[in-house]
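Quick note, the sequence shown lines up with residues 5 to 482 if you use the numbering used here.
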Amino acid sequence: MNKLKQKYKALSIEAKAALWFAVCNFLNKGISMIVVPLYTHLLAVEEYGSYTVFQSWLDVLLILVTLEISRGHYKVGITNYDSDVDRYTTSVLGLSNAVTVVYTALYLCFIPVFNKILGMPTHIVISMLIYLLVYPAWEFWAIRQRFAYKYKTMIAATLSISVLTPVIGILGILLLNLQSPAAIYSRIGVQGIAAIFVYFGFLKKDRHLFVKEYWKKVFVFNIILIPYLLSTTVLNQADRIMINNMVGSAEAGIYSVAYAIAMLMQLINYAINDAFLPWMYRQLKNKQYKEIEPVTDKILLLVAAANILVILFAPEVLAVFAPPKYYAALKIIPPVTASVFFMFIFQRYISVEAYYEATARISIISILVAILNIILNYFCIKQWGYLAAGYTTLACYIVFAVAHYFSVKQICRKKCGTKVFTAGVTLVFSIAFLALVFLLTSLYNYRIIRYVLALVLFGIAFYKRNFIKQLFENRNAA
């Protein structure tokens with residue numbers, strides 16, 4: 005323990021900040037996962053569906069109604085305009101507000117039309133628009149804390165909001181019997197109030213909500229990014245929105261539970277990617293191209309094993325996450341969980357594309373696959389019902405991975421003069437993985453067989469524990 009303390013004290017402020025931001029992110033995601041079983045047990049299926057559809061629309065509207073400058077120019081701006089950062093911040097906040105006001109005016113002119121599209125009542129939509137007016141301030145503040153390595157303040161504020169939001173939501177459900185509005189207003193209220201304090205904190209430092217130079221640069225920069233930002237959000241959210249509109253909120257709720265369980269594996273993907281990305285970029289910088297694929301293929305095997313475990317224990321995990329009224333979600337868990345495996349595959353390709361600044365390719369592929377996802381969802385949900393959305397999601401992520409493979413292959417031929425990735429091992433892993441997924445789906449009624457297979461996987465992991473440990477130590481190499 006003392007050695008660990010000494011090692012921690014020896015870390016630079018940058019390393020400490022990176023460590024605590026990673027811990028904070030993991031805890032944040034963990035809290036959001038814990039909330040799922042609480043809400044599924046407290047809310048009616050239709051009400052939980054309404055809440056998840058609200059979350060999906062909020063992600064989409066955040067891009068359209070605010071330009072989501074925090075994911076675009078802001079990080080560049082506070083670096084380039086560090087001597088004028090307060091004026092820059094309030095001016096882009098003003099730009100975001102101007103866009104929000106325009107959308108609000110448009111909504112007020114066509115309330116019935118927008119309510120029908122969104123599937124939400126007026127009071128919730130108005131509340132969302134007010135929230136979106138102030139929320140960008142919170143995002144800007146969070147980014148500035150990260151850039152200044154002020155991790156203590158940032159973590160305390162973020163975790164407080166993460167805990168308070170579900171607590172207030174649950175109290176509203178239990179004491180006021182508000183159902184989904186309690187969950188929705190707790191999310192908007194807690195984060196919105198925090199954002200208001202930050203908003204006026206920025207205005208106290210500088211009141212220039214309009215600076216022509218900054219508005220022009222930021223607007224052009226972010227308007228170009230919107231198709232990409234929307235396409236990635238559509239890939240994650242379109243299925244729930246379309247199920248809600250085409251089938252019903254109850255079915256959207258059932259699908260959302262399956263999606264939440266599958267996304268447990270995405271936490272592992274994020275952790276692995278954060279750990280190995282610096283190592284991969286060092287190999288690319290040092291032209292050690294042949295070192296990359298063998299390591300990532302071994303990690304791919306670990307990701308596949310982790311996903312197989314979730315699919316093996318899907319009935320048990322679902323029983324923890326939701327009451328029996330959600331058990332139709334069991335049929336959706338295997339294909340959506342399998343999608344996470346292909347997310348890891350294309351993420352390693354995208355990392356190389358990003359290193360060589362091929363962002364246009366990433367955007368084009370994302371947009372095309374998002375359109376494909378909407379088309380497949382429309383026809384497949386009509387033909388086979390909402391359960392088909394799980395398989396359209398899987399199909400789209402497979403297409404996404406294949407498209408990025410050919411993209412990165414072309415880029416590496418130009419930039420490296422050689423291949424960084426080959427198709428062989430990944431193709432074999434993918435076919436074997438999919439075959440195993442569909443085989444395991446047929447074993448849900450055979451508990452003993454599933455448990456034996458799980459024990460075999462744990463046994464192999466234990467036997468190869470030193471190999472796994474060495475694998476994760478590779479990121480410190482080179």
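Where is the CB? At the ideal position from N, CA and C, for every residue including glycine.
| query | result |
| --- | --- |
| N- and C-terminal bounds of the alpha helix (DSSP H) containing Arg417 | 392-419 |
| Collapsed DSSP secondary structure at His77 in the structure displayed | helix |
| Contact set for Arg244: own chain, Cβ-Cβ below 7 Å, skip 5 residues either direction | Thr56, Val57, Ser60, Ala256, Tyr259, Ser260 |
| CB contact flag (Pro140, Ser74, <8 Å) | yes |
| Alpha helix (DSSP H) segment containing Ser426, residue limits | It should be noted that the sequence gives Thr, not Ser, for residue 426. That residue, Thr426, is in no alpha helix (DSSP H); it is neither H nor E in DSSP. |
| Pair within 8 Å by beta-carbon distance, Val344 and Asn449 | no |
| Cβ-based burial, Glu51 [other Cβ within 10 Å; buried from 16] | buried |
| Start and end residues, alpha helix (DSSP H) containing Phe201 | 184-209 |
| CB contact flag (Thr162, Cys28, <8 Å) | yes |
| Limits of the unbroken alpha helix (DSSP H) element including Asn381 | 363-388 |
| For Phe114, the three-state DSSP class (helix, strand or coil) | coil |
| Pair within 8 Å by beta-carbon distance, Lys221 and His77 | yes |
| Contact check, Ile315 vs Ile337, beta carbons under 8 Å | yes |
| DSSP three-state assignment for Ser54, whether helix, strand or coil | helix |
| As assigned by DSSP and simplified to three states, the class of Arg479 | Reliability fails at Arg479, whose pLDDT of 47 lies under 50, so the model's placement of it is uncertain and no value is given. |
| Beta-carbon gap between Ser95 and Thr70 smaller than 8 Å | no |
| For Ser131, three-class secondary structure by DSSP | helix |
| Closest by C-alpha distance to Leu213, when choosing among Leu97, Leu461, Ile276, Ala187 | Leu97 |
| Opening and closing residue of the alpha helix (DSSP H) in which Gly159 lies | Note that residue 159 corresponds to Ile in the displayed sequence, not to Gly. That run of the alpha helix (DSSP H) goes 155-180. |
| Ala318 burial status per 10 Å Cβ neighbour count (16 or more: buried) | buried |
| Beta-carbon contacts of Tyr263 that lie in its chain and below 6 Å, excluding the five residues immediately before and after | Val340 |
| Distance between Ile265 and Asp86 (C-alpha atoms, nearest Å) | 42 Å |
| Local conformation of Pro125 per DSSP, three classes | coil |
| Close-in-space but distant-in-sequence residues of the same chain around Ser235 (CB under 6 Å, 5 per side omitted) | Ser370, Ile371, Ala374 |
| The region 298-309 contacting the region 225-239, beta-carbon criterion three pairs below 8 Å | no |
| Beta-carbon contacts of Ser367 that lie in its chain and below 6 Å, excluding the five residues immediately before and after | Tyr232 |
| From Leu136, Leu281, Pro116, Lys120, residue whose alpha carbon lies closest to that of Thr104 | Leu136 |
| For Phe437 and Leu422, the rounded distance between their alpha carbons | Looking at the sequence itself, residue 422 is Thr, so the reference to Leu does not match. In a straight line, the C-alpha of Thr422 is about 28 Å away from that of Phe437. |
| The alpha helix (DSSP H) enclosing Gly257, as first and last residue numbers | 253-266 |
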